[in-house]
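Notes to accompany the following structure.
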Amino acid sequence: MQLCIALDLPTMEENLELVKKIGNVPVWLKVGFRSYIRDGKEFLKEIKEINPQAKIFLDLKLYDIPNTMADAAEEIAQLSVDMFNIHASAGEIAMREVMNRLAKFETRPLVLAVTALTSFDEKTFESIYEKSIEEKAMQFAKMSYENGLDGVVCSAFESKMIKEATSSKFLTLCPAIRPFGEDASDQSRVATLELARDEMVDFPVVGRPIYKDANPASKVEKILRVIDSF
Ligand code: C5P
Numbered sequence: 202m203q204l205c206i207a208l209d210l211p212t213m214e215e216n217l218e219l220v221k222k223i224g225n226v227p228v229w230l231k232v233g234f235r236s237y238i239r240d241g242k243e244f245l246k247e248i249k250e251i252n253p254q255a256k257i258f259l260d261l262k263l264y265d266i267p268n269t270m271a272d273a274a275e276e277i278a279q280l281s282v283d284m285f286n287i288h289a290s291a292g293e294i295a296m297r298e299v300m301n302r303l304a305k306f307e308t309r310p311l312v313l314a315v316t317a318l319t320s321f322d323e324k325t326f327e328s329i330y331e332k333s334i335e336e337k338a339m340q341f342a343k344m345s346y347e348n349g350l351d352g353v354v355c356s357a358f359e360s361k362m363i364k365e366a367t368s369s370k371f372l373t374l375c376p377a378i379r380p381f382g383e384d385a386s387d388q389s390r391v392a393t394l395e396l397a398r399d400e401m402v403d404f405p406v407v408g409r410p411i412y413k414d415a416n417p418a419s420k421v422e423k424i425l426r427v428i429d430s431f
């Protein structure tokens, strides 16, 4: 299991300050489209200068026609990015085209597919996808596996099921993690680190429980110690 910290603070300065506070530790840092649109490549470079051990997950959730997605994937592969994601609902052709286009790179970023956005409730989700969230998430996960992706973004509560239906090596990255049962905020179903371990989650994503903590560095250390003990 590898900790992924969401850099969701409102400005570049605050995000970089958080990276500095956390220090030179082996973590993944999630950069979302708000900060990428505003702060761009320079931000990614600065993160790696501050923490050379950090790996970057660019959370842009690509969704477009296959050729446009593959073009974007190729550009991402030339950034200092270690993982990015696409929407599974972009379909199999888009998945294959993205992976084919990345094949020429000696080292390529990992590619994950978003199954279901966590903001959906069942009713809204079904009105778009005509299936329950769980059913569709499983279908999307199998499709992503069969088309050569490295893993999926999913709920921690679906992680084990997805691995059983695909492969234990098929990666799961899961938001809504409250490492020690902290305040759930707007997340509806939250999982602790223990639950994430039981569900075989590869990347627990933690935002507010770290950056809202009075001492983010010690919180990260505490989380890393627990992960090491697993
Ligand atoms: O809740 P937390 O601050 O730990 O969120 C970490 C990440 O989880 C966010 O960057 C966002 O991508 C995702 N998130 C989510 N559903 C929400 C709120 C946040 O998936 N309702």
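Take the position in the sequence shown, starting the count at 1, then add 201; the result is the number in my numbering.
Just so it is clear, CB atoms sit at the ideal spot from N, CA and C, and this is done for glycine as well.
The model shown is predicted, which means the values in this text are computed figures rather than measured ones.
Nonlocal neighbours in the same chain, by C-beta distance under 7 Å from residue i, ignoring five residues either side
i: A418; result: K222, I223 and G224
i: V282; result: L245, I257, L259 and P310
i: F326; result: A317 and I334
i: D414; result: K420
i: K231; result: C205, I206, A207, L208, F258, D260 and V406
i: A278; result: L303, F306, R309 and P310
i: L280; result: K242 and L245
i: K343; result: A366 and T367
i: L219; result: L208, L210, Y412 and P417
Cβ-based burial, residue i [other Cβ within 10 Å; buried from 16]
i: I266; result: exposed
i: R239; result: exposed
i: K364; result: buried
i: I183; result: Limits of the chain in this structure are 202 at one end and 431 at the other, which puts residue 183 out of reach.
i: D433; result: Residue coverage of the chain in this structure runs from 202 to 431, which leaves residue 433 outside it and unanswerable.
i: D351; result: buried
i: K337; result: buried
i: G408; result: buried
i: P410; result: buried
i: T367; result: buried
i: E298; result: buried
i: S236; result: buried
i: S345; result: buried
i: N416; result: exposed
i: N301; result: exposed
6 Å CB neighbourhood of residue i in its chain, flanking five on each side removed
i: I424; result: L204 and P380
i: A295; result: P267 and M270
i: D403; result: L372 and T373
i: E400; result: A357, S360 and K361
i: G233; result: D260
i: F341; result: A289 and T316
i: N348; result: E293, M296 and R297
Beta-carbon proximity list for residue i, same chain, < 8 Å, skipping 5 on both sides
i: A397; result: M202, A357, S360, C375, I378 and P405
i: V427; result: P380 and L394
i: W229; result: Q203, L204, C205, I206, A255, K256, I257, F258, D283, M284 and F404
i: S369; result: M401
i: E275; result: R302 and L303
Distance cut-off 7 Å: residue i Cβ against heavy atoms of the ligand NAP
i: E383; result: This structure simply doesn't include the ligand NAP; it includes the ligand C5P instead.
Inset, instruction - Collect the residues with a C-beta less than 7 Å away from any heavy atom of the ligand C5P and give them in sequence order along the chain. - result: A207, D209, K231, G233, D260, T319, S320, P376, A377, I378, S386, D387, Q388, V406, V407, G408, R409 and P410
Inset, instruction - Examine the Cβ distances between the segment 406-421 and the segment 371-380 and report whether three or more of them are shorter than 8 Å. - result: yes
Legend entry - Given 8 Å, three or more beta-carbon pairs between the segment 364-374 and the segment 382-391: no
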